[in-house]
Amino acid sequence: MSIDIEQLVLNALKKISEENSFRRATLLNILHLNIDLLLQNAFLWFKDDIPEDYRKVINSLMTLTTSFLEEEWDMEDRIFENTPEIVDVAAILNAIANEINVLFGFADSRISLEADKNFQVLAPRKEVTRAIYSIILAHHPYMTEDSRCRISVAEDVSNIVVSLEFSGLDTNFPGMDKIQKSFYTYQSGESNKIGMGIDAAISSLRDMGALTKVKQMKGGNHYCITISFPSMAFLRTIDEIRKTQPAFDKKENPGDIIVVVEDLITEMVLGELFKDRGYGVIFCDVNKMKSLSQQQEYEGLIIDCAFVQKEFEPMEDFGEIMGRFAKTVFIYNDICPEQIRTFRKRNLLLLKKPIEIDRIIRHIEMD
Numbered sequence: 009m010s011i012d013i014e015q016l017v018l019n020a021l022k023k024i025s026e027e028n029s030f031r032r033a034t035l036l037n038i039l040h041l042n043i044d045l046l047l048q049n050a051f052l053w054f055k056d057d058i059p060e061d062y063r064k065v066i067n068s069l070m071t072l073t074t075s076f077l078e079e080e081w082d083m084e085d086r087i088f089e090n091t092p093e094i095v096d097v098a099a100i101l102n103a104i105a106n107e108i109n110v111l112f113g114f115a116d117s118r119i120s121l122e123a124d125k126n127f128q129v130l131a132p133r134k135e136v137t138r139a140i141y142s143i144i145l146a147h148h149p150y151m152t153e154d155s156r157c158r159i160s161v162a163e164d165v166s167n168i169v170v171s172l173e174f175s176g177l178d179t180n181f182p183g184m185d186k187i188q189k190s191f192y193t194y195q196s197g198e199s200n201k202i203g204m205g206i207d208a209a210i211s212s213l214r215d216m217g218a219l220t221k222v223k224q225m226k227g228g229n230h231y232c233i234t235i236s237f238p239s240m241a242f243l244r245t246i247d248e249i250r251k252t253q254p255a256f257d258k259k260e261n262p263g264d265i266i267v268v269v270e271d272l273i274t275e276m277v278l279g280e281l282f283k284d285r286g287y288g289v290i291f292c293d294v295n296k297m298k299s300l301s302q303q304q305e306y307e308g309l310i311i312d313c314a315f316v317q318k319e320f321e322p323m324e325d326f327g328e329i330m331g332r333f334a335k336t337v338f339i340y341n342d343i344c345p346e347q348i349r350t351f352r353k354r355n356l357l358l359l360k361k362p363i364e365i366d367r368i369i370r371h372i373e374m375d
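The structure is reproduced here in structure tokens:
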């Protein structure tokens, strides 16, 4: 049975709101303390294998109660806090850096920002702030006097790219793969706080349409996390592409399209256009693609040749997977690998980048 936790708590809080303000604050604090107990016992109950659903439920409860305690939103408005708006991501990052430096007494500005102008993105302000805040906080237990977190923002043709570069981390830093999946603790005033780990933050950013990559740099415990948001110029381009598409009738349950590509831009364009046409669109990596149900046939697969070359040996293994898809589109950079050409048949299309969107749509929809 599926339980809508947010709606359940919202109903309870509406009931509480009918009481006087003192009683309301008391009841909310009791609820908040009980959530703290659930967090603290998570280590004892689950060790290092804390279920993702447990994280999501606790995170949701904590956010809701904190929001009402701080009286940041009206109850009805709280539901809509995930609504995207145009925000200046540099201003958000500056506020985060200043707050964390003050919170932990980093007089040396251990968290610094380099941004020479405003950078606008379309995203829910509260969720962007929480996600990036969580990523930086997760590193705090391993930051010494020599540690630094340098935040920079840059813009290319299609992306606003935020880089969080951590250097000089403590020698007991367990590695990014460990802290991504762990709770962490930090001191806020006189209270011990427990954060949810950066895996949830990365997942949240992904849901907002941002692409997040983690890279280990040379020179010890030195990591760079890049977060790429689609630029406003790119979003306007998508709108223009949509407007110039030939007229079409939206299909009724035409099937699912699987998209396995390298860049967020291609992914977003394909996702928007196929969803407009009524298709289900599933974005995934190669491992997830391999695990897709063998009993289900999918309408189409759009995949980057680089993934096929890297992940399938022998290449015949990929030939078996192709049988699950009615149509397949291979995308390649300069030269299409010869092994890929051996798969050529009527339901397969090879396209060199930059890709022609119209050709992909015609190929998927041809009889």
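For any residue, its number in my numbering is found by taking its place in the sequence shown, counting from 1, and adding 8. Yeah, the Cβ is synthetic: ideal placement off N, Cα and C, and Gly gets one too. Every value quoted in this text rests on a predicted model; they were computed, and no experiment measured them.
Check	Outcome
Range of the contiguous beta strand (DSSP E) that encloses residue 340	333-340
Residue 292 - DSSP class collapsed to helix/strand/coil	coil
8 angstroms Cβ cutoff met for residue 177 and residue 150	yes
Any 3 or more C-beta pairs closer than 8 angstroms across the region 210-225 and the region 134-146	yes
Per DSSP, the bridge partner or partners of residue 309	266 and 336
Inter-residue spacing [alpha-carbon to alpha-carbon] between residue 128 and residue 279	22 angstroms
Residue span of the beta strand (DSSP E) that contains residue 158, given as start and end	151-163
Residue range of the unbroken beta strand (DSSP E) whose run includes residue 93	93-96
Candidates 270, 139, 306 and 181, of which the one nearest residue 170 by Cα	139
Residue 251 and residue 234 closer than 8 angstroms at C-beta	no
Where the beta strand (DSSP E) containing residue 236 begins and where it ends	231-238
Nearest neighbour of residue 115, chosen from 147, 46, 156 and 94 [CA to CA]	156
Nonlocal neighbours in the same chain, by C-beta distance under 6 angstroms from residue 119, ignoring five residues either side	105, 108, 109 and 157
Distance, residue 63 Cα to residue 206 Cα	11 angstroms
Residues near residue 92 in its chain [Cβ-Cβ closer than 6 angstroms; skip 5 each side]	130, 131 and 132
First and last residue of the uninterrupted beta strand (DSSP E) at residue 122	119-122
Touching by the beta-carbon criterion (3+ pairs, under 8 angstroms), the region 288-297 and the region 263-271	yes
Neighbourhood of residue 152 by C-beta, 7 angstroms cutoff - its chain only, sequence neighbours within 5 removed	176 and 178
Three-way DSSP call (helix, strand, coil) for residue 209 in this model	helix
Distance cut-off 7 angstroms: residue 270 Cβ against heavy atoms of the ligand MN	This structure does not include the ligand MN; it has no bound ligands of any sort.
Distance between residue 341 and residue 361 (C-alpha atoms, nearest Å)	5 angstroms
Among 117, 160, 147 and 59, nearest to residue 100 - alpha-carbon criterion	160
For residue 312 and residue 269, believed in contact at Cβ under 8 angstroms, the rounded distance	5 angstroms
When 359, 111 and 122 are compared against residue 98, the one with the closest alpha-carbon	122
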